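**Student:**
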Amino acid sequence: MIEILNPTQLSRAKGSGALVAHILHTLKGRSTIGTNLLDIDRWAKEMIVEAGAESCYVDYAPSFGRGPFGHYICTAVNDAVLHGRPRDYALADGDLLTLDLAVSKDGVAADAAISFTVGETVSPEDARMIDTTERALAAGIAAAVPGARVGDISHAIGTVLDEAGYPVNTQFGGHGIGSTMHQDPHVANTGRPGRGYKLRPGLLLALEPWIMADTATLVTDADGWTLRSATGCRTAHSEHTIAITDDGAEILTLPQQTGR
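What follows is the structure, encoded as structure tokens:
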């Protein structure tokens with residue numbers, strides 16, 4: 001299913017996106033050395049409930065998972081990259097943490113992810129991976145204009161990842177979003193320009209470049225959800241929800257800047 005949102009729904013989508021951004025960046029500030037992943041999940045639940053919103057994850061049970069996800073946020077550490085199920089683990093200095101959050105408010109969902117290093121020890125390679133996913137995301141957003149094709153977005157993302165020397169997995173990628181979290185079209189993180197669905201104003205997309213340092217192969221944890229690099233290498237993941245408008249793409253999940 002591909003949804004085209006009307007102006008009222010787009011206004012609601014902006015509210016959902018702002019909430020996702022606020023929660024993610026609040027949790028980033030709280031994620032310090034010694035923070036337990038289960039505490040991050042609890043804080044996410046508290047903020048979602050307080051905002052009168054609903055988690056897109058807690059009852060999520062797709063064919064590739066093992067039963068309902070059962071948590072409110074994805075917490076992927078180091079070699080984990082996608083669907084990281086919160087567990088009893090205290091963050092250590094130098095851990096590479098990805099927080100991935102999808103929330104529905106007033107009937108419209110938004111989805112975003114951020115990767116960052118915990119503590120003071122920052123590996124140059126970790127920093128390079130995070131920067132690469134952020135640049136790939138920016139390139140994909142720049143390509144998301146009315147009349148363009150999904151393949152144009154995939155090509156823009158994949159060009160950045162390929163030029164940086166990272167293998168690209170196409171099993172999981174970006175997706176349409178709207179009244180539900182995962183919709184068509186699928187937006188692979190590499191592809192051929194000029195192919196695929198033609199972008200129209202009112203379309204919402206969640207774009208999410210993610211990489212693993214030296215492999216494109218994933219393995220699944222015993223929890224049935226957490227996806228890790230097959231070689232144990234580090235990973236990074238960046239994601240925004242965007243709305244296609246008459247003038248291009250509007251990012252809905254940017255944190256609000258407050259001045260004095």
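Just so you know, we're using the UniProt record's numbering here: the sequence shown kicks off at 1 and counts up by one. Ideal Cβ positions, reconstructed from N, Cα and C, are used throughout, including at glycine. These figures come from a predicted structure and were not determined experimentally.
#1: Using the beta-carbon count (16 or more within 10 Å), is Q183 buried or exposed?
#2: Let me confirm a value: N189 is counted as buried when at least 16 other C-beta atoms fall within 10 Å, else exposed. Which label applies?
#3: Take T35 and list the residues in its own chain whose beta-carbon comes closer than 6 Å to its own, dropping the five residues that flank it on each side.
#4: Does DSSP put V49 in a helix, a strand or coil?
#5: In terms of DSSP beta bridges, what is R149 paired with?
#6: Could you tell me whether the segment 64-73 touches the segment 134-144, using the rule of 3 or more Cβ pairs below 8 Å?
#7: What are the start and end residues of each continuous beta strand (DSSP E) run of 3 or more residues lying completely inside the segment 79-159, in chain order?
#8: Between which two residues does the beta strand (DSSP E) holding I211 run?
#9: Quick one: what does DSSP say V58 is sitting in, helix, strand or coil?
#10: Quick one: is K198 buried, meaning 16 or more other Cβ sit within 10 Å of its Cβ, or exposed?
#11: Please state whether DSSP places T258 in a helix, a strand or coil.
#12: Between C56 and G202, what straight-line distance do the alpha-carbon atoms span, to the nearest angstrom?
#13: Which whole-angstrom value describes the C-beta separation of A18 and L5, a residue pair presumed to lie in contact below a C-beta threshold of 8 Å?
#14: Please look up how many angstroms separate the CB atoms of S229 and T215, rounded, as I've assumed it's under 8 Å.
#15: Does the CB of G34 have a neighbour CB from chain B at under 8 Å?
#16: Report the rounded CA-to-CA distance for L205 versus G232, giving the unit in angstroms.
#17: CB-CB under 8 Å to I2, same chain, minus the five flanking residues each way: which ones, in chain order?
#18: If distances are taken between C-alpha atoms only, which option among T170, H25, V150 comes closest to P193?
#19: What does the alpha-carbon distance come out to for the pair A80 and D221?
#20: Helix or strand or just coil, what does DSSP make of D223?
**Tutor:** Once the coordinates are examined:
#1: Taking the sequence shown and counting its residues from 1, one reaches residue 183 at position 183. It counts as buried.
#2: As a first step, residue 189 must be located in the sequence shown, where it is residue number 189. N189 should be labelled buried.
#3: Taking the first residue of the sequence shown as 1, we reach residue 35 at position 35. The residues are L91.
#4: If you number the sequence shown from 1, residue 49 lands on position 49. Looking at V49 - three-state DSSP - the assignment turns out to be helix.
#5: The residue you call residue 149 lines up with position 149 of the sequence shown. The secondary-structure analysis by DSSP pairs R149 across a beta bridge with K198.
#6: At 8 Å Cβ cutoff, the stretches do not touch.
#7: Counting whole runs of 3 or more residues, the segment 79-159 contains the beta strand (DSSP E) stretches 80-82, 96-105, 108-117.
#8: For the purposes of this step, residue 211 is taken as the residue at position 211 of the sequence shown. Unbroken beta strand (DSSP E) run through I211: 210-212.
#9: As a working note, residue 58 is residue 58 in the sequence shown. In this structure, V58 counts as coil in the three-state DSSP scheme.
#10: By one-based count along the sequence shown, residue 198 stands at place 198. Residue burial is scored here from C-beta neighbours: K198 has fewer than 16 other C-beta atoms within 10 angstroms and is therefore classed as exposed.
#11: Residue numbering aside, residue 258 sits at position 258 when the sequence shown is read from its first letter. Any reading at T258 needs caution, since the residue's pLDDT is 42, under 50, leaving its predicted position unreliable; the model's value is listed next. When DSSP states are grouped into helix, strand and coil, T258 belongs to the coil group.
#12: As a first step, residue 56 must be located in the sequence shown, where it is residue number 56. As a first step, residue 202 must be located in the sequence shown, where it is residue number 202. Roughly 21 Å between the two C-alpha positions.
#13: On the sequence shown, residue 18 is found 18 positions in, with the first residue counted as 1. On the sequence shown, residue 5 is found 5 positions in, with the first residue counted as 1. Wrong, their Cβ atoms sit about 16 Å apart, outside the cutoff.
#14: Counted from its first residue, the sequence shown places residue 229 at position 229. Counted from its first residue, the sequence shown places residue 215 at position 215. Right, the Cβ-Cβ distance comes to about 5 Å (below 8 Å), so this counts as a contact.
#15: The structure shown contains no chain B; it is built from a single protein chain.
#16: Taking the first residue of the sequence shown as position 1, residue 205 is located at position 205. Taking the first residue of the sequence shown as position 1, residue 232 is located at position 232. Rounded to whole angstroms, L205 to G232 spans 30 Å at the Cα level.
#17: Counted from its first residue, the sequence shown places residue 2 at position 2. The residues G176, Q183, D184, P185, Y197, L203, in chain order, have a CB closer than 8 Å to that of I2 in the same chain once the five nearest residues on each side in sequence are set aside.
#18: Translated into the one-based positions of the sequence shown, residue 193 becomes position 193. Residue V150 is the option with its Cα nearest to P193.
#19: Numbered from its first residue, the sequence shown carries residue 80 at position 80. Numbered from its first residue, the sequence shown carries residue 221 at position 221. The C-alpha of D221 is placed about 9 Å away from the C-alpha of A80.
#20: In the sequence shown, the residue the question calls residue 223 occupies position 223. Under the three-state reduction of DSSP, D223 is assigned to coil, being neither helix nor strand.
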